[in-house]
Amino acid sequence: MTERPLHCTIKTPVLITLSDLKSEFHSGCRMIDISLSNVINPEVGEIHFKNSYTAYITVKAKCRLPDSKDGSEVKWRTCVRRFRLMPNPNVEAGSQDYFVLSRKQMQFDLVNVSALRIILQQPSPVWKEFKIEDLKVFRSSDSIKPNPLPSWLTDTPDKSNRKKIEGVANLESLSSTLQQLWALSEEVSAQQTNRALGRYEVDGSYEINLLSYT
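Structure, rendered in structure tokens:
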């Protein structure tokens with residue numbers, strides 16, 4: 001990775017609850033606020049994180065409206081809505097995977113952003129604790145480069161270093177011989193006749209199966 005993550009302030013996740021004097025209801029929802037106030041020309045292209053039993057994620061952005069008179073008017077907008085992280089909230093699949101939210105998942109470009117609000121949801125009662133880890137924000141969508149192919153797929157072996165195996169013909173000469181055999185078989189096939197073959201006599205006697213009485 002060539003690009004460093006943006007220097008932003010990530011606050012502690014807050015569990016959203018509805019409580020009164022008699023009971024407390026856990027909504028299965030947590031919220032993380034990210035401040036980008038110290039970033040010059042704030043622009044977000046990717047959000048990286050590792051999942052930890054979160055089923056859905058929603059991202060809201062606090063953006064300055066370009067159409068406002070003095071450019072100071074801001075508004076919260078939803079750029080990623082309820083993105084699925086776990087195929088089934090009751091099953092562990094996807095619960096520990098790494099994810100990258102890029103512009104492909106965002107509904108609009110995140111420019112002039114002063115803050116992000118990440119909402120985590122886990123509707124299943126199976127998992128008491130859920131969160132995301134290793135949260136990083138990047139400016140460009142090109143921060144992740146595709147993994148290179150393994151060396152055994154890309155390296156071209158040096159002909160001079162090839163070990164010669166005894167008893168095995170050279171590949172070029174073997175290919176030439178096979179081509180000659182193929183051409184010869186084609187020539188023989190073209191010269192075949194449709195006439196029936198006569199009976200053969202071997203050493204003055206006939207094959208008993210071919211013997212005919214007159």
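Okay, so the sequence shown: first residue is 1 according to the UniProt record's numbering, each after it adds one.
All C-beta atoms, glycine included, are put in the ideal place defined by N, C-alpha and C.
These figures come from a predicted structure and were not determined experimentally.
Asked                                                                                                                                              : Found
Assign Ala93 to one of two classes, buried (16 or more other C-beta atoms within 10 Å of its C-beta) or exposed (fewer than that).                 : exposed
For my contact list, Arg77 and Lys60 are in at a C-beta cut-off of 8 Å; report their separation, rounded to the angstrom.                          : 7 Å
My output table needs one value for Val14: the three-state DSSP class, helix, strand or coil.                                                      : strand
Excluding sequence positions up to five away, which residues of its chain have a Cβ less than 6 Å from the Cβ of Arg30?                            : Pro13, Leu15 and Leu120
Considering just the uninterrupted stretch of the beta strand (DSSP E) at Ala115, what are its terminal residues?                                  : Val113 to Gln121
Only counting the same chain, and skipping five residues up and downstream in sequence, which positions put a Cβ closer than 6 Å to that of Glu73? : Leu65
Helix, strand or coil: how does DSSP classify Thr54 here?                                                                                          : coil
If you draw a straight line from the alpha carbon of Lys104 to that of Ser52, how long is it in whole angstroms?                                   : 23 Å
Apart from the five residues on each side of it in sequence, which residues of its chain come closer than 8 Å, Cβ to Cβ, to Ser114?                : Ser35, Leu36, Ser37, Pro42, Lys62, Cys63, Arg64 and Val74
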